[in-house]
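Student:
Residue numbers (my numbering), protein chains in the order written: chain S, 1 to 408; chain P, 409 to 816.
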């Protein structure tokens, strides 16, 4: 089976998971699978029974004792960052029921239930659908076609290593679990990078692989925190607007500086930079960029910090949108003298076999009955009903009208 | 071990072997290993004990019953082309003693004894030394270095397949046993080409692989026939000059038209085209090119046939020197409308891992006490003492002063 451990997920599911467990136990959500890449007949490529079996298998998984030890022992972001009551919750965690059907060419896959459990479905559903899709594409070719693609993926990885070695100050992290070509391939990449460039490869978001290779598990929080935060706030314009900073404060309360990298684009980075206070600018370690023009964002962040009397050299940006080695080197060279930059590298790292990548997401679409919204700095990544998006654009004075192809 | 079957050799060893068995049982030869690539400290790279063990292993091999059946059943060049007495000789064949030592950076490896047995050493010694050499180069890199080279070799093979598919009339044969990166890699290539391009890939010179994959074993004769032929002829200028055509006649007597592809460059193609008679031009199927400018050779061959009233469209050239897909496509496009061309593809097919190829040979250097000579159309491929080469150049009016890097 594709997923064989509940640790085969992104670390941020646990860091968010604890905050949800602690603060939002009574929140019900619906999360929904969506393919953002147009014109991909997923339901024609993937077999329904196989997908169903893979998802069912995940509902049968439990964290074992060693896995719980690993989480309990995690101290990279502060001593004993996972409290015992949360670990007990995880010990008993069973993923809730899913609702799967094929509608025309599309996969309809919803997850409904308490946010504290539904949240874990995201990465499992994505890595399963991704792997089944590419497995089918591979199986359509003959043996040598498959072996050539595997070989070209190794050569591509080797080229990546060479390109990044030529820029020795540049550091990065594997963020590719959800978009990986396959579990085995991500494992190969992570093991290889750990061996080949231990100084530059700082870790992986995949907890199972971090555990396997003795790497640092990496990640903080996702759009989901802000989206649900807005959905359960008083549904006035002001309530929704203020929810964003409330979410940041809840986060800080749980983890303090250790995990204080703020995701900036849920409702547009324009709003973020207005809303993020001088004291937050001072105390938080840095910012994550996940949509819109990355260089422009970097310049904006530098200006932002300076305008608050903060030296950007004391802060960091984590870039995680549509990265390639060339883009990473470019951003590093353009920005790193003024602000520390690092990279959370997804799709292009773990799915570079020559097939077009898919942009798949599982996002919460409803919390306690209210529709949820993500705007981002690329409206092709927006989530929500047309009306809700329009309302949020107004509330957050969103003016990023860019629409870029989603490649991650 | 590297060689595990006496069929893991070139088919021409058996076609020549039968002619030697039938006609030259009393000839003693000394064959010698030589590395034509300058500046390669083979004895520093290869381990003496390992090489010794590999060579000793070859002396312990015998043809088994199925292998003898395979040879007995070979009918691609005429019914029952291998006579029963020769097959009985092969059944009992044990390779003679070898003389191995390391002298400075070089491997000294000689084979002395009856030509009828010594002849078989050539390909085994070459493929063993080649594989040990590249195995050491590989072992100097880490795991990912090795896996990247393996992957790039697969990608290179895939590119070759694509390039040649774009030229669907072009046919070729694997001639890469002696220069292969490894036995396993040649096996992979031959199996893959048989699957991927059965219309264009016409067979392999490697008898074990032809047997394994049901392909046509390919090959006729080598310089060795002409070199020894000259060495055992009356050692007058005339005797040496006439030996070349004697060798061709002995060959024709054994195999007739079936194997009538004449190697043209032993003493220079200039002499060959003077010496090859009108009736040979009419009866022999074609010519093999193994040194010098291939396009120029093709034009010369076309003119040669026309001057003898032969339509070149009824004849063929087998190119086998320093081939690449690009060169093959070029020669095919330039020549195939006027004369049939095909390719015996060696080094670049079976040793394209990114390392520089080695030009290794095992050639007879003495027969019945006389020094042997090969001139070829590339003096960097010449064999023999300085004096003998000078004498042969005079005897054969050799004027190919070209010296090209030996890549095969």
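C-beta atoms are modelled at their ideal positions from N, C-alpha and C, and glycine is treated no differently.
What you are looking at is a predicted structure, and each value in this text was computed from that prediction instead of being measured.
When DSSP labels each residue in this structure, what does residue 81 of chain S get in the three-state scheme?
Tutor: Note: residue 81 of chain S maps to coil in three-state DSSP.
Student: Go ahead and pull the three-state DSSP assignment for residue 193 of chain S.
Tutor: Three-state result, residue 193 of chain S: helix.
Student: At what residues does the beta strand (DSSP E) containing residue 345 of chain S begin and finish?
Tutor: Unbroken beta strand (DSSP E) run through residue 345 of chain S: 340-345.
Student: Could you tell me the distance, in whole angstroms, from the CA atom of residue 381 of chain S to the CA atom of residue 169 of chain S?
Tutor: Looking at the two C-alpha atoms, the distance is approximately 31 Å.
Student: Below 8 Å CB to CB, which residues in the same chain sit around residue 664 of chain P once its five sequence neighbours on both sides are set aside?
Tutor: Excluding positions up to five away in sequence, the list reads 486.
Student: Which runs of the beta strand (DSSP E) fall wholly inside the region 127-188 of chain S and span at least 3 residues, in chain order?
Tutor: If we require 3 residues or more, the beta strand (DSSP E) runs fully inside the region 127-188 of chain S come out as 172-174.
Student: Can you tell which of P:807, P:776, P:757, P:598 has its C-alpha closest to the C-alpha of residue 787 of chain P?
Tutor: Of the listed residues, the one whose Cα sits closest to residue 787 of chain P is P:807.
Student: Only counting runs of 4 or more residues, tell me where the alpha helix (DSSP H) segments fall wholly within the region 36-87 of chain S, in order along the chain.
Tutor: Counting only runs of 4 or more, we get 42-45, 48-59, 65-72.
Student: DSSP on residue 497 of chain P, reduced to helix/strand/coil?
Tutor: Helix, per DSSP.
Student: Under 8 Å, do residue 316 of chain S and residue 302 of chain S count as touching if we go by C-beta distance?
Tutor: In this structure, residue 302 of chain S does not lie closer than 8 Å to residue 316 of chain S by Cβ.
Student: Quick check on the burial criterion: 16 or more other C-beta atoms within 10 angstroms. Buried or exposed for residue 48 of chain S?
Tutor: Under this definition residue 48 of chain S is an exposed residue.
Student: Do you know how far the Cα of residue 593 of chain P is from the Cα of residue 57 of chain S?
Tutor: Taking the straight line joining both Cα atoms gives about 39 Å.
Student: For residue 152 of chain S and chain P, any beta-carbon pair shorter than 8 Å?
Tutor: With 8 Å as the cut-off, residue 152 of chain S counts as an interface residue toward chain P.
Student: What would DSSP say about residue 722 of chain P, mapped onto helix, strand or coil?
Tutor: Residue 722 of chain P falls in the helix class under three-state DSSP.
Student: In the DSSP output, which residue or residues are listed as bridge partners for residue 514 of chain P?
Tutor: Residue 514 of chain P pairs with P:511.
Student: For chain S, is any of its Cβ atoms less than 8 Å away from the one on residue 548 of chain P?
Tutor: No, residue 548 of chain P does not count as interfacial toward chain S.
Student: Mind pulling the chain S residues with CB within less than 9 Å of residue 629 of chain P?
Tutor: In chain order: nothing, as chain S lies at least about 33 Å away.
Student: Tell me whether residue 438 of chain P sits in a helix, a strand or coil according to DSSP, three-state version.
Tutor: Residue state, collapsed to three classes: strand.
Student: Rounded to the nearest angstrom, what separates residue 801 of chain P and residue 675 of chain P at their Cα positions?
Tutor: The straight-line gap from Cα to Cα measures roughly 8 Å.
Student: Can you confirm whether residue 685 of chain P, when its beta carbon is compared against all beta carbons of chain S, has any partner nearer than 8 Å?
Tutor: No, residue 685 of chain P does not count as interfacial toward chain S.
Student: Given a limit of 7 Å on CB to CB distance, which residues of the region 157-188 of chain S reach chain P?
Tutor: So the close ones are 158.
Student: Below 9 Å on C-beta distance, what does residue 600 of chain P contact in chain S?
Tutor: Per Cβ cutoff of 9 Å: 143, 144, 147.
Student: For residue 263 of chain S versus residue 308 of chain S, is the C-beta spacing smaller than 8 Å?
Tutor: Their beta carbons are not under 8 Å apart, which means residue 263 of chain S does not touch residue 308 of chain S by this criterion.
Student: With DSSP as the reference, please indicate the residues paired to residue 289 of chain S in a beta bridge.
Tutor: Its beta-bridge partners are S:319.
Student: Give the interface partners of residue 199 of chain S over in chain P, defined as CB-CB distance under 7 Å, in chain order.
Tutor: Chain P residues near residue 199 of chain S: none, gap ~15 Å exceeds 7 Å.
Student: Given that a residue counts as buried once 16 or more other Cβ atoms are within 10 Å of its Cβ, and exposed if not, what is residue 54 of chain S?
Tutor: The residue is buried, with at least 16 neighbouring Cβ atoms inside 10 Å.
Student: Inspect the beta-carbon positions of residue 172 of chain S and residue 350 of chain S and report whether they are closer than 8 Å.
Tutor: No. Outside cutoff.
Student: Is residue 772 of chain P helix, strand or coil when you go by DSSP?
Tutor: The answer is strand: DSSP assigns residue 772 of chain P an E or B state.
Student: Given that residue 563 of chain P touches chain S, what residues does it touch there, using C-beta distances under 7 Å?
Tutor: Residues of chain S passing the Cβ test: 148, 151, 152, 155.
Student: Please report the distance separating the alpha-carbon of residue 727 of chain P from that of residue 161 of chain S.
Tutor: For residue 727 of chain P and residue 161 of chain S, the distance between alpha carbons rounds to 40 Å.
Student: Who are the Cβ neighbours of residue 246 of chain S in its own chain at under 8 Å, not counting the five residues just before and after it?
Tutor: The answer, listed in chain order, is 229, 233.
Student: Is residue 54 of chain S close to chain P, meaning its C-beta is less than 8 Å from at least one C-beta of that chain?
Tutor: Output row for residue 54 of chain S: interface = no.
Student: Identify the continuous alpha helix (DSSP H) that holds residue 207 of chain S and give its terminal residues.
Tutor: Looking at the DSSP string, the run of the alpha helix (DSSP H) that includes residue 207 of chain S is 207-213.
Student: So, are the CB atoms of residue 502 of chain P and residue 467 of chain P less than 8 Å apart?
Tutor: It is a contact, given that the beta carbons lie within the stated cut-off.
Student: CB residue 294 of chain S to CB residue 321 of chain S, shorter than 8 Å?
Tutor: Contact flag set, yes.
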